[in-house]
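Number of protein chains: 2
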Amino acid sequence: MMRSNKKIPSITIIGAGNVGHHMAIAFHQQGIPITQIYSRKKRNAQKLAKLVQAIGVNDLKEISAGQDLYIIAVNDDAIEPVAVTMSQHIQKDALVVHTSGACPSILLKKHFRHFGVFYPLQSFSKDKPVNWRTIPLCIHAKYKRDLSKLDHLAQLLSKQVLRVDDEQRAQLHLAAVFVNNFTNFCYEIGNNILQAKDLPFEILLPLIQQTIDKINAQPEGQKNPSLLQTGPAIRRDQDTINQHLNRLNQQFPQYRELYMEMTKGIQSSKSKNKK
Amino acid sequence: MMRSNKKIPSITIIGAGNVGHHMAIAFHQQGIPITQIYSRKKRNAQKLAKLVQAIGVNDLKEISAGQDLYIIAVNDDAIEPVAVTMSQHIQKDALVVHTSGACPSILLKKHFRHFGVFYPLQSFSKDKPVNWRTIPLCIHAKYKRDLSKLDHLAQLLSKQVLRVDDEQRAQLHLAAVFVNNFTNFCYEIGNNILQAKDLPFEILLPLIQQTIDKINAQPEGQKNPSLLQTGPAIRRDQDTINQHLNRLNQQFPQYRELYMEMTKGIQSSKSKNKK
Chain A
1114 MMRSNKKIPS ITIIGAGNVG HHMAIAFHQQ GIPITQIYSR KKRNAQKLAK
1164 LVQAIGVNDL KEISAGQDLY IIAVNDDAIE PVAVTMSQHI QKDALVVHTS
1214 GACPSILLKK HFRHFGVFYP LQSFSKDKPV NWRTIPLCIH AKYKRDLSKL
1264 DHLAQLLSKQ VLRVDDEQRA QLHLAAVFVN NFTNFCYEIG NNILQAKDLP
1314 FEILLPLIQQ TIDKINAQPE GQKNPSLLQT GPAIRRDQDT INQHLNRLNQ
1364 QFPQYRELYM EMTKGIQSSK SKNKK
Chain B
1114 MMRSNKKIPS ITIIGAGNVG HHMAIAFHQQ GIPITQIYSR KKRNAQKLAK
1164 LVQAIGVNDL KEISAGQDLY IIAVNDDAIE PVAVTMSQHI QKDALVVHTS
1214 GACPSILLKK HFRHFGVFYP LQSFSKDKPV NWRTIPLCIH AKYKRDLSKL
1264 DHLAQLLSKQ VLRVDDEQRA QLHLAAVFVN NFTNFCYEIG NNILQAKDLP
1314 FEILLPLIQQ TIDKINAQPE GQKNPSLLQT GPAIRRDQDT INQHLNRLNQ
1364 QFPQYRELYM EMTKGIQSSK SKNKK
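Going down the list, the protein sequences come from chains A and B.
The numbering of the first sequence is our numbering, which starts it at 1114 and goes up by one.
The numbering of the second sequence is our numbering, which starts it at 1114 and goes up by one.
Structure follows, in structure tokens:
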């Protein structure tokens, strides 16, 4: 995690989606030169390129061969085809990384001698500004020199840089789906349930924040959400559970199964803790 | 929602659990006298009573008859039996409320002429301090005078006081289970998934906070979590979904069903938005 004093590399970013967008801007703001931005759509490439004083291209063959670092920030299923085309154009000693949580680095290994991963553990939206200092950056590379290059770059953006191998990163990505996507869906359900009775979603925001504050209040290294569980499931309050299931049956039958699965999960977790 | 200048009532709190504990302390800190604290366990009653300069009792018959307000803050299934015993001892014109999200006020109506609800929309833990100013307080009463009494009291504690009828409160409670209990269970699963590969739960905290910050950034009155959804489910990225399901199969088969139910829910919500 030491900060090295390596020369700042010249970077090309492949992809102008959410991740590519925020990453290009973050590097630019740190004074790290972005040479080119690639996007399938020329307009998108040029729009982002303009923001970071780079050149926008929409043909992978136009990517300049001699960059130090290529960051592939495209959809998971586009990583491989992009890599194939790129490998025919760029120099053999260039470092190529992707930004995906779900894709193994082996996908790049087939095409590049120097490969790695530069994965920000965050969910990006283009129009929402991002505080990179607080985003955990998970890096991985086969060679020490490449890893140290990525480490240096990552530390310019974030105060939390982690060396995470393929197996750990896939695990992290799965956990992220639970705490981000599935949690957000719970919020969506809460919103739908309130709307049905003309109640504003805002009422729930203090409770939502408090759910996290309770975890934040647990000591570092001893955080354990299961110790904070409350509600009818963990109390085994079957009257309230039945009342809720009836209510869902009448208004939102599509959420009934989820309610039961959650309740079952919370209750078996409790019995495990008790053992 | 106007602040009235009614005389401050004398209060007896029935129950020294999480809600009773925090409510007694909050009233005491506001200079509102608590006369008695009841708990089945004498030790608990006396412990809390000492904190708020009240008298602790463990027999409902010892509750003094002439108080202005009785707050029943016991488990849902104990509300009715407590009310039955109380109704034989206290004066007919006393106001009796419970603090439950799930119980209808009709439960008290059978036993008291003046009944109501004083429901804080928050999940309490005894050892965690509470910021009452930010907790939505949902009040309900049949008579205007009672409602105004509760409104006055509630506004001493919270800046968000809402008049919420039985039907709305039950709906609110169901929504709270989704955004609090079920979300916390998602955090618990995230924690278990990381622990299995020696990764610290702390890595997920920025992502967890960001999930809420995105909602906070939406304009007041237009908050809609479904517009913020990201991840493999909404992208219909079946490769990643299958990879996650395999991973769960191998390590946490008990979460597989929940993953599928969540994914299905997110995907049908999307297709609904698209229509």
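The beta carbon of each residue, even a glycine, is placed where N, CA and C say it ideally should be.
Predicted model only: the values in this text are computed from it and were never measured.
Going along chain B, which residues have a C-beta under 9 Å from residue i?
{"i": "Gln1268 of chain A", "result": "Residues of chain B passing the Cβ test: none, with the nearest at roughly 16 Å."}
{"i": "His1357 of chain A", "result": "Ala1215, Ala1283, His1286, Leu1287 and Val1290"}
{"i": "Asp1350 of chain A", "result": "Asn1188, Asp1189, Asp1190 and Ala1215"}
{"i": "Leu1312 of chain A", "result": "Leu1275, Val1277, Gln1281, Gln1284, Leu1285 and Ala1288"}
Please tell me whether residue i and residue j are closer than 8 Å, where the distance is taken between their beta carbons.
{"i": "Leu1208 of chain B", "j": "His1224 of chain B", "result": "no"}
{"i": "Leu1173 of chain B", "j": "Ala1137 of chain B", "result": "no"}
{"i": "Ala1167 of chain A", "j": "Ile1150 of chain A", "result": "yes"}
{"i": "Gln1235 of chain B", "j": "Leu1320 of chain A", "result": "yes"}
{"i": "Ala1330 of chain B", "j": "Gln1380 of chain B", "result": "no"}
{"i": "Gln1180 of chain B", "j": "Ile1124 of chain B", "result": "yes"}
{"i": "Val1210 of chain A", "j": "Ile1176 of chain A", "result": "no"}
{"i": "Arg1360 of chain A", "j": "Leu1220 of chain B", "result": "no"}
{"i": "Gly1133 of chain B", "j": "Lys1155 of chain B", "result": "no"}
{"i": "Pro1122 of chain A", "j": "Leu1164 of chain A", "result": "no"}
{"i": "Ile1145 of chain A", "j": "Ile1126 of chain A", "result": "no"}
Tell me the rounded alpha-carbon separation between residue i and residue j.
{"i": "Gln1268 of chain B", "j": "His1141 of chain A", "result": "49 Å"}
{"i": "Glu1370 of chain A", "j": "Leu1358 of chain A", "result": "9 Å"}
{"i": "Asn1131 of chain B", "j": "Met1373 of chain B", "result": "35 Å"}
{"i": "Pro1217 of chain B", "j": "Glu1193 of chain B", "result": "11 Å"}
{"i": "Ile1328 of chain B", "j": "Leu1318 of chain A", "result": "9 Å"}
{"i": "Val1187 of chain B", "j": "His1202 of chain B", "result": "18 Å"}
{"i": "Gln1351 of chain A", "j": "Thr1376 of chain A", "result": "10 Å"}
{"i": "Gly1128 of chain B", "j": "Ala1309 of chain B", "result": "40 Å"}
{"i": "Phe1314 of chain A", "j": "Leu1263 of chain A", "result": "42 Å"}
{"i": "Asn1362 of chain A", "j": "Pro1249 of chain A", "result": "41 Å"}
{"i": "Ser1213 of chain B", "j": "Tyr1300 of chain A", "result": "22 Å"}
{"i": "Met1114 of chain B", "j": "Asn1305 of chain A", "result": "At Met1114 of chain B, the pLDDT of 38 sits below 50, so the modelled position is not reliable and the matter cannot be decided from this model."}
{"i": "Lys1257 of chain A", "j": "Gly1229 of chain A", "result": "11 Å"}
{"i": "His1253 of chain B", "j": "Phe1295 of chain B", "result": "27 Å"}
{"i": "Pro1233 of chain B", "j": "Arg1282 of chain A", "result": "40 Å"}
{"i": "Arg1102 of chain A", "j": "Leu1270 of chain A", "result": "Any question about residue 1102 of chain A goes unanswered here, given that chain A covers just 1114 to 1388."}
{"i": "Thr1353 of chain B", "j": "Gln1284 of chain A", "result": "12 Å"}
{"i": "Arg1348 of chain A", "j": "Asp1189 of chain B", "result": "11 Å"}
{"i": "Tyr1368 of chain B", "j": "Ser1152 of chain A", "result": "37 Å"}
{"i": "Gln1143 of chain B", "j": "Gln1335 of chain A", "result": "34 Å"}
{"i": "Lys1272 of chain A", "j": "Phe1231 of chain A", "result": "14 Å"}
{"i": "Phe1365 of chain B", "j": "Leu1312 of chain B", "result": "16 Å"}
{"i": "Asn1386 of chain A", "j": "Glu1280 of chain A", "result": "In this prediction, Asn1386 of chain A has a pLDDT of 47, which is less than 50 and means its spatial position is unreliable; what the coordinates show is noted afterwards. Taking the straight line joining both Cα atoms gives about 27 Å."}
{"i": "Gln1204 of chain A", "j": "Gln1322 of chain B", "result": "41 Å"}
{"i": "Lys1241 of chain A", "j": "Gly1344 of chain B", "result": "16 Å"}
{"i": "Ala1139 of chain A", "j": "Ala1139 of chain B", "result": "45 Å"}
{"i": "Ser1200 of chain B", "j": "Ala1289 of chain B", "result": "31 Å"}
If contacts are defined as beta-carbon pairs under 8 Å, then residue i and residue j qualify, I think. What distance do you get, rounded to the angstrom?
{"i": "Gly1378 of chain A", "j": "Phe1291 of chain B", "result": "That pair is no contact at about 14 Å."}
{"i": "Ile1316 of chain A", "j": "Leu1275 of chain B", "result": "7 Å"}
{"i": "Asn1293 of chain A", "j": "Thr1198 of chain B", "result": "At roughly 48 Å, the Cβ-Cβ gap does not stay under 8 Å, so Asn1293 of chain A and Thr1198 of chain B are not in contact."}
{"i": "Gln1074 of chain B", "j": "Ala1196 of chain A", "result": "Because chain B is modelled from 1114 through 1388, residue 1074 of chain B falls outside the range shown and cannot be assessed."}
{"i": "Val1243 of chain B", "j": "His1135 of chain B", "result": "5 Å"}
{"i": "Ser1238 of chain B", "j": "Leu1341 of chain A", "result": "7 Å"}
{"i": "Asn1297 of chain A", "j": "Pro1332 of chain B", "result": "That pair is no contact at about 18 Å."}
Residues bridged to residue i by DSSP?
{"i": "Leu1208 of chain B", "result": "B:Leu1182 and B:His1227"}
{"i": "Cys1251 of chain A", "result": "A:Tyr1232 and A:Leu1275"}
{"i": "Gly1344 of chain B", "result": "Looking at the DSSP assignment, Gly1344 of chain B forms no beta bridge with any residue, so it has no partner."}
{"i": "Gln1335 of chain B", "result": "DSSP lists no partner for Gln1335 of chain B."}
{"i": "Thr1125 of chain A", "result": "A:Gln1149 and A:Tyr1183"}
{"i": "Gly1169 of chain B", "result": "B:Ile1150"}
Given that residue i touches chain A, what residues does it touch there, using C-beta distances under 8 Å?
{"i": "Gln1322 of chain B", "result": "Ile1325"}
{"i": "Ser1238 of chain B", "result": "Lys1327, Leu1341 and Thr1343"}
{"i": "Pro1194 of chain B", "result": "Simply none; closest approach about 14 Å."}
{"i": "Gln1367 of chain B", "result": "Gly1378 and Ser1381"}
{"i": "Met1375 of chain B", "result": "Asn1294, Phe1295, Phe1298 and Leu1371"}
{"i": "Ala1309 of chain B", "result": "Gln1284"}
For residue i, go through chain A and note every residue whose CB falls closer than 7 Å to its CB, in chain order.
{"i": "Ser1382 of chain B", "result": "Glu1301"}
{"i": "Pro1249 of chain B", "result": "Ile1316 and Pro1319"}
{"i": "Lys1222 of chain B", "result": "In chain order: nothing, as chain A lies at least about 18 Å away."}
{"i": "Leu1234 of chain B", "result": "Ile1316 and Leu1320"}
{"i": "Lys1241 of chain B", "result": "Lys1327 and Ala1330"}
{"i": "Thr1353 of chain B", "result": "Asp1189 and Ala1215"}
Given that residue i touches chain B, what residues does it touch there, using C-beta distances under 7 Å?
{"i": "Ala1346 of chain A", "result": "Asn1294"}
{"i": "Phe1140 of chain A", "result": "Residues of chain B passing the Cβ test: none, with the nearest at roughly 19 Å."}
{"i": "Pro1332 of chain A", "result": "Neighbours of Pro1332 of chain A on chain B: none; closest Cβ ~11 Å, over 7 Å."}
Mind pulling the chain A residues with CB within less than 9 Å of residue i?
{"i": "Ile1185 of chain B", "result": "Under the 9 Å cutoff, chain A gives no residues; its nearest Cβ is about 16 Å from Ile1185 of chain B."}
When every heavy atom of the ligand FMN is checked, does at least one fall within less than 7 Å of the C-beta of residue i?
{"i": "Ile1124 of chain A", "result": "Ligands displayed in this structure: none; no statement on the ligand FMN is therefore possible."}
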